[in-house]
Amino acid sequence: MSEALQVREQHRTTASAWGGGESPFAVPWAKLMMWLFLLSDAFTFAALLTGYAAMRITAGVWPGAGMKAADFFHVTTVVGPMTFILICSSATMAVAVGAARRGDHRTTVRFLALTVLGGLAFLGMQAYEWTGFIREGARLTGFVGELGGKIQPMFPATFFVITGFHGGHVTSGVIYLLVKTIQASRGRASAESVEITGLYWHFVDLVWVFIFTLLYLI
Amino acid sequence: MAHVAHAEAQAGHELSFWRKYIFSQDHKVIGIQYALTSMFMAVLGGLLAMFIRLQLGWPGQSWPLLGRLFPSGMPDGQMNQAFYLASVTMHGTIMIFFVLTTLLTGGFGNFLIPLMIGARDMAFPFLNMLSYWLYPPAIIILLASFFVSGGAAGGGWTAYPPLSALPGAAPGSGLGQTLWLISLALLILAFLFGSLNYITTILQLRARGLSMMRLPLTIWGLFVTAILSLLAFPVLLAAAIMLLFDRIGGTSFFVPAGLLIGSVPVDHRGGNPLLWQHLFWFLGHPEVYVLILPPMGMISDILANNARKPIFGYRFMVGSIVAIAFLSFLVWGHHMYTSGMAPVLGTAFMTTTLVIAVPSAIKTFNWLATLWRAKIRFTSAMLFALGFLSLFVTGGLTGIVLAQPPVDIYFQDTFFVVAHFHFVMASAAIFASFAGTYYWFPKMFGRMMNERLGKWHFWLTFVGIYATFFPMHYAGFMGMMRRIYSPQIYAHLQGLQPLNVFVSIAAFVLFAAQFIFLYNFFRSLFRGPQAERNPWRATTLEWEAPSPPPHLNWGETLPTVQRWAYDYSPPDMAEDFQPQAAPAAVPTGRSREGRGDGGHAR
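Chains as they are written, first to last, in our numbering: chain A, 1 to 218; chain B, 1 to 602.
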């Protein structure tokens with residue numbers, strides 16, 4: 001087949017994919033819908049992070065004179081490892097999806113369960129960080145105690161709202177994964193539905209990378 | 001009707017009353033539920049507008065009868081300020097979110113999308129049902145706010161902080177504002193569920209042969225609108241979350257330091273009220289196009305059908321819808337010229353705003369070209385579609401005036417702005433909804449509406465709209481502020497009082513005229529003559545299904561589409577239209593299949 005003919009052939013197949021009667025992306029509707037939902041959810045997080053940026057830029061000093069955000073958290077001992085765990089759970093999720101596609105139910109269930117464990121470990125460590133932060137005097141409305149007047153009140157507020165909103169996503173993700181694990185162990189989860197669960201989980205991980213960078217590191 | 005019976009049989013089972021009419025997953029029932037609920041809210045929103053006009057026409061006047069009905073809002077029959085501001089806020093909130101958005105996307109969108117693309121239902125019917133059933137709780141919460149202490153929210157439909165952030169700021173800033181936020185958050189979820197369904201359905205479930213460039217413009221309008229809602233509403237959701245935290249959790253996202261309420265300093269610092277304005281208008285401006293893109297699509301179809309001519313410049317019509325949607329994300333700053341903005345930024349927003357006039361003008365001229373030398377059928381639907389054109393142009397022109405910062409600084413928050421958006425967005429969108437109702441009523445309910453009453457309704461509404469809103473330009477020009485409670489206390493506004501009385505009387509007539517429509521609607525619902533399958537001799541797919549379409553819409557086989565949606569008056573044919581699904585049977589002349597350029601041989 002000559003190259004020009006090939007191009008024309010290709011053009012004809014794309015035209016027919018959009019020509020009605022079938023999915024133009026060759027995906028089931030549920031997967032497309034999950035992608036669209038994630039796009040929409042990304043805008044919610046983007047708006048929250050924009051709010052955070054606005055607070056921080058207009059504040060001048062952040063979180064207080066001579067202080068760094070990282071001073072308030074265990075970045076290397078807790079937050080770093082929990083980020084690592086969350087990224088690893090994305091990897092176990094990918095293995096589960098691959099196994100589901102091959103029809104390997106044992107591996108699917110095992111790695112879905114590992115993903116759930118990763119999510120739970122992340123939530124536990126996040127709770128530990130929150131506790132430590134609150135012990136230092138952080139409240140939703142601002143710092144109390146000796147640091148009270150020295151720290152921007154919006155520093156803890158943005159922290160709690162944004163990590164809380166993300167934590168809510170992780171929690172619902174863990175529940176979603178648990179349901180999928182139970183379904184898979186009974187042989188009732190299709191490879192497609194496992195993959196869709198995976199899309200959501202990867203998204204939650206991806207958002208965390210941004211939050212970790214913006215709230216803890218810089 | 002054997003194939004209909006077969007489709008019913010395919011459904012397999014008789015549904016109970018609850019599953020069939022209340023918790024239905026059928027897109028047609030959900031669409032009608034959305035439409036009827038929106039109609040109820042429209043009457044309510046209109047009633048609130050009457051309160052506004054009552055106060056502005058006769059400020060300080062006592063209305064003893066109303067005083068007995070609303071003892072707290074109108075003690076001794078005299079409307080108090082909190083009640084007035086709550087009316088203004090709720091009129092805007094209800095009309096924009098609870099009437100037009102729900103009616104156009106929830107009502108027309110749900111009913112028309114699967115029918116016009118040749119699908120049996122939405123991609124995810126259960127989510128569709130869930131979308132509708134978030135709407136009544138949102139309404140109940142919103143209406144409950146009228147009865148809590150302090151009354152309903154009074155900070156305007158834009159809910160600018162600090163009025164909306166601090167419970168002590170104004171009477172309506174108490175529990176009423178919190179309920180407003182919760183109600184809106186529920187409705188945002190409903191829109192999200194709806195949009196997910198609309199986009200997926202249009203992309204995935206089009207009938208064989210129905211390529212994107214053969215879609216009727218109604219579907220293009222609804223499709224692009226769903227994308228806009230999907231991307232814009234989450235930003236409002238995030239802003240609403242932050243505002244709720246400010247109100248309930250005591251944070252200061254939107255409250256600056258050093259604010260005094262009743263000369264008492266508030267215990268907040270570190271926030272920025274401008275952030276709310278940015279986030280709100282990032283939603284708010286696309287929201288305006290959520291209200292106008294479906295009407296643009298709907299009237300394109302109605303104009304072409306009644307002009308018996310193909311829509312002019314189909315590809316440009318699609319392109320301009322997409323262009324308007326894209327640009328709508330870049331113009332939010334033109335609502336904030338007076339909020340403190342760098343002049344360079346103001347110029348940038350002015351430029352993008354003026355650019356959006358180009359695709360809008362393309363649409364307008366294409367509509368006019370569609371009408372050019374046509375033998376127009378003046379049905380009620382067509383009259384309202386033509387009315388849309390008139391209102392859209394009138395309101396669009398003042399949009400160009402307001403886009404320019406030096407002019408807008410003078411006009412900001414005056415009645416000139418009220419006149420502008422009531423023409424271009426509110427009235428235009430409601431005209432398209434009327435046009436759509438007269439046009440698709442036979443398909444929805446299997447009966448025809450009364451044309452004679454429809455024409456009375458049109459002329460009274462058309463004249464009523466111009467009489468109500470046109471003088472407002474002048475009031476704004478003279479400096480009358482848009483949410484003012486007592487204009488008579490300013491010397492420079494006292495001369496406007498006769499004008500305000502005129503506007504108020506015109507508004508009452510306009511409101512009363514809508515009862516002609518309601519009477520026509522409900523009477524036709526039960527007594528109207530039976531509608532045939534295709535009473536308007538239209539080309540699009542929904543007219544292939546029986547009126548009203550059965551559950552799952554089509555018989556055994558789905559329709560197959562042969563051509564684009566505008567094959568009106570094809571040359572050398574007996575009929576003056578060729579349905580999209582009719583088998584290719586062009587006797588002579590060239591085939592017009594799939595042509596999207598709207599050219600026609602005459």
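Where is the CB? At the ideal position from N, CA and C, for every residue including glycine.
- Only residues of its own chain outside the window of five on either side were considered, and among them Pro487, Gln488 have a CB closer than 8 Å to the CB of glutamine 497 of chain B, listed in chain order.
- Where lysine 443 of chain B is concerned, the enclosing alpha helix (DSSP H) starts and stops at 428 to 445.
- Per DSSP, the unbroken alpha helix (DSSP H) holding phenylalanine 522 of chain B starts and ends at 497 to 527.
- Between the stretch 258 to 266 of chain B and the stretch 201 to 208 of chain B there are fewer than three C-beta pairs closer than 8 Å, too few to call the two in contact.
- The C-alpha of phenylalanine 254 of chain B lies about 32 Å from the C-alpha of tyrosine 490 of chain B.
- No Cβ of chain B is located within less than 7 Å of the beta carbon of tryptophan 62 of chain A.
- Closest by C-alpha distance to alanine 70 of chain A, out of A/Phe133, A/Gly145, A/Trp18, is A/Phe133.
- When beta bridges are read from the DSSP output, phenylalanine 577 of chain B appears opposite B/Tyr568.
- According to DSSP, residue pairing for isoleucine 151 of chain A in a beta bridge involves A/Gly64.
- Fewer than three beta-carbon pairs drawn from the stretch 96 to 110 of chain B and the stretch 500 to 513 of chain B are found closer than 8 Å, and the two stretches are therefore not classed as touching.
- In the three-state reduction of the DSSP assignment, glutamine 530 of chain B falls in the strand class.
- With a 10 Å radius around the Cβ and a threshold of 16 neighbouring Cβ atoms, lysine 443 of chain B comes out buried.
- Nearest in C-alpha terms to serine 263 of chain B, of all of B/Lys363, B/Leu203, B/Phe445, B/Gly168, is B/Gly168.
- Looking from the CA of threonine 437 of chain B, the closest CA among B/Ala82, B/Asn520, B/Ala513, B/Thr201 belongs to B/Asn520.
- Not one beta carbon of chain B lies nearer than 7 Å to the beta carbon of glutamine 183 of chain A.
- For threonine 414 of chain B, the pairing in a beta bridge is given by DSSP as B/Met481.
- Going by beta carbons, valine 78 of chain A and valine 116 of chain A fall outside the 7 Å limit.
- Membership of glycine 154 of chain B in any alpha helix (DSSP H) is not indicated, and neither H nor E is assigned to it by DSSP.
- The way I'd put it, the stretch 278 to 290 of chain B does touch the stretch 327 to 335 of chain B; three or more beta-carbon pairs between them come closer than 8 Å.
- Excluding sequence positions up to five before and after phenylalanine 212 of chain A, its CB lies within less than 6 Å of the CB of Thr83, all in the same chain and listed in chain order.
- The C-beta distance from alanine 47 of chain A to valine 235 of chain B rounds to 4 Å, short enough to meet the 8 Å contact threshold.
- Chain B has a Cβ within less than 7 Å of the Cβ of glycine 19 of chain A.
- Look at proline 24 of chain A here: in three-state DSSP terms it is coil, with no helix or strand label.
- Bounds of the alpha helix (DSSP H) holding glutamine 126 of chain A are 105 to 135.
- Nearest to glycine 154 of chain B by C-alpha distance, out of B/Tyr135, B/Ile141, B/Asn500, B/Thr178, is B/Thr178.
- For alanine 91 of chain A, the nearest beta carbon of chain B is not closer than 7 Å to its own beta carbon.
- For glutamate 542 of chain B against alanine 581 of chain B, the beta-carbon gap comes to about 11 Å, at or over 8 Å, which does not count as contact.
- Taking the Cβ atoms as the reference, phenylalanine 193 of chain B lies roughly 4 Å from serine 131 of chain B, within the contact range of under 8 Å.
- Using a Cβ distance threshold of 7 Å, methionine 350 of chain B and alanine 403 of chain B count as a contacting pair.
- The Cβ of glutamine 277 of chain B sits no closer than 7 Å to any Cβ of chain A.
- Threonine 44 of chain A belongs to the set of residues whose beta carbon lies under 7 Å from a beta carbon in chain B.
- Residues of chain A whose Cβ lies closer than 7 Å to the Cβ of serine 211 of chain B are, in chain order, Trp18, Gly19, Gly20.
- Out of B/Ser87, B/Phe191, B/Ser164, B/Ala232, the CA that lies nearest to the CA of tyrosine 135 of chain B is found in B/Phe191.
- With its beta carbon less than 7 Å from one in chain A, phenylalanine 245 of chain B belongs to the interface.
- In this structure the stretch 26 to 41 of chain B does not lie against the stretch 57 to 77 of chain B, because fewer than three pairs of beta carbons, one per stretch, are closer than 8 Å.
- Glycine 109 of chain B and glycine 387 of chain B have their C-alpha atoms roughly 22 Å apart.
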